[in-house]
Each structure stands twice: as C-alpha cells, then as structure tokens.
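First residue of the sequence shown: 79, per the working numbering; consecutive thereafter. Note that CB positions come from ideal geometry on N, CA and C, so glycine has one too. Here is the structure we will look at.
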Amino acid sequence: MLAIIRYSVPDARTGEFAQQAREILDLLASQPGYVRGRLGRSVDEPGLWALVCEWEGAGFYRRALSAARLVMYPLMTMMLNEPSAFEDVDPPVSPKLGSR
79 MLAIIRYSVP DARTGEFAQQ AREILDLLAS QPGYVRGRLG RSVDEPGLWA LVCEWEGAGF
139 YRRALSAARL VMYPLMTMML NEPSAFEDVD PPVSPKLGSR
C-alpha cells in the first residue's frame with residue numbers, strides 16, 4: 079500500500095521541515111512492513127511537500143504512525159487534512175520492461 083502525507087510549508091520553515099521530515103522517514107524505515115520512502119517537493123508549488131512511503135499493508139502503516147506520533151507532532155500544523163492511505167489496485171509497472 080502507498081502512504082502519501084502532504085504538507086503546506088512556509089518558505090521560512092523549509093530547512094527545519096526537511097530535517098524533521100527526514101527524521102520521520104528514518105523512524106518509519108525502522109518499523110515492520112516498511113518497503114521504501116521518500117520526501118518530495120512540488121515543482122509547481124514549492125510550498126507543497128509530500129512524504130511518500132510504501133508499506134506491505136495498511137496495518138503496518140497504521141502501527142508505524144502510532145510509533146512515530148511524537149516525532150511527527152511538530153509538523154502536524156503543516157499537514158494537509160486529507161486521506162493518506164491508498165491500496166494497490168494494479169501491479170507496479172516494471173521500469174525495465176515497461177509492462178506490469
């Protein structure tokens with residue numbers, strides 16, 4: 079499953095946000111069921127950021143959020159209030175073969 083948490087980050091807090099988001103990713107990476115994750119920034123709206131992770135299942139993601147709550151707390155005021163958990167409905171496309 080895919081987890082996408084989006085943030086609206088003021089210019090003045092970009093450096094602080096990026097550092098704290100990396101700490102969140104490090105903590106999430108230590109949790110069971112974590113597959114991979116990354117931090118992204120919109121090319122069209124530089125104040126819009128996304129913390130994107132892939133998990134073996136929704137249960138792993140939800141338990142990891144509970145474990146990371148204290149580390150995530152300082153950034154919650156910038157977090158967009160929207161759904162963040164997405165199930166896979168189609169197999170991933172292989173970059174080498176261009177097929178599913």
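Which partner residues does residue i have in the DSSP bridge list?
i	result
Arg114	Glu132
Phe164	Leu80
Arg119	Trp127
Ser216	There is simply no residue 216 to check, as the chain begins at 79 and stops at 178 in what is shown.
Arg157	The displayed chain sequence assigns Met, not Arg, to residue 157. Paired residues: Tyr85.
What do you reckon, are the CB atoms on residue i and residue j nearer than 8 angstroms?
i	j	result
Tyr139	Ala99	no
Glu101	Val149	yes
Ala128	Ile83	yes
Ala96	Leu117	yes
Asp166	Met79	yes
Indicate whether the contact test is met: 3 or more Cβ pairs, each with one atom in the stretch 84–99 and one in the stretch 131–147, closer than 8 angstroms.
-> At 8 angstroms Cβ cutoff, the stretches do not touch.
Are the stretch 100–120 and the stretch 130–137 touching by the rule of at least three beta carbon pairs closer than 8 angstroms?
-> Two segments are said to touch when three or more pairs of C-beta atoms, one from each, lie closer than 8 angstroms; by this definition the stretch 100–120 touches the stretch 130–137.
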